[in-house]
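A short write-up of the structure that comes next.
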Amino acid sequence: MALAVLGIHVGAQTKAIVPVPSVRPNAYQRAQIDQKYGMFVHFGMNTFHDQEWTDGSKPASTYAPSAIEVKQWVSTAKEAGMKYMILVTKHHEGFCLWDSKYTDYDCSELFERNKCCTGAG
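Terminal number for the sequence shown in the working numbering: 169, no gaps in between.
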């Protein structure tokens with residue numbers, strides 16, 4: 049009986065459901081939106097474990113980037129017409145791609161990503 053009453057109540061709703069207005073993007077956000085096409089690089093812990101998702105239980109010592117071709121990533125993005133690249137430096141598993149003073153789940157040395165990107169324009 050309670051289900052029937054609930055069904056009648058929901059069916060009797062007369063107010064329209066409208067989306068909540070959003071906040072207008074600031075100048076920085078607008079500039080990012082205007083770039084339209086770019087690349088997000090996920091090069092975290094799961095890269096070295098052949099898994100799409102990891103849960104933070106993989107040892108930090110297993111993050112072992114070597115012979116990384118960042119210049120190839122950048123040139124491929126540019127050739128494809130991309131206007132930006134974003135390196136995801138921390139994802140859901142909590143591994144930091146920088147030397148963090150708050151956790152040991154990090155890497156203290158990372159490839160020279162900035163030089164490769166800024167050198168390419």
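Cβ coordinates follow ideal geometry from the N, Cα and C atoms, glycine included.
(request) Can you give me the start and stop residues for the beta strand (DSSP E) that Tyr111 sits inside? (result) That residue, Tyr111, is in no beta strand (DSSP E); it is neither H nor E in DSSP.
(request) Over the uninterrupted alpha helix (DSSP H) stretch that includes Tyr150, give me the two end residues. (result) Per DSSP, Tyr150 belongs to no alpha helix (DSSP H) and is neither H nor E.
(request) For the region 63 to 102, list the beta strand (DSSP E) runs that are entirely contained and at least 3 residues long, ordered along the chain. (result) For the region 63 to 102, whole beta strand (DSSP E) runs of length 3 or above, ordered along the chain, are 86 to 89.
(request) Report yes if the CB atom of Lys106 is closer than 8 Å to the CB atom of Met93, and no otherwise. (result) Contact annotation: Lys106 and Met93 have beta-carbon atoms nearer than 8 Å.
(message) Can you give me the C-alpha to C-alpha distance between Lys126 and Val118, rounded to a whole angstrom?
(response) Between the C-alpha atoms of Lys126 and Val118 there is a straight-line separation of about 12 Å.
(message) Taking 6 Å as the limit between beta carbons, can you name the residues of its chain near Lys138, skipping five residues before and five after?
(response) If you ignore the 5 residues before and after Lys138, its C-beta comes within less than 6 Å of the C-beta of Cys144, all in its own chain and listed in chain order.
(message) Which residues does DSSP list as the beta-bridge partners of Met133?
(response) Met87, per the DSSP bridge assignment.
(request) Can you tell me the Cβ-Cβ gap for Ala108 and Asp154, rounded? I've got them flagged as a contact below 8 Å. (result) Correct: roughly 7 Å between the Cβ atoms.
(request) Excluding the 5 residues preceding and the 5 following His90 in the sequence, name in chain order all residues of the same chain whose CB lies nearer than 7 Å to its CB. (result) Its chain contains Val136, His139 as the residues whose beta carbon lies nearer than 7 Å to that of His90, once the 5 sequence neighbours on both sides are disregarded; these appear in chain order.
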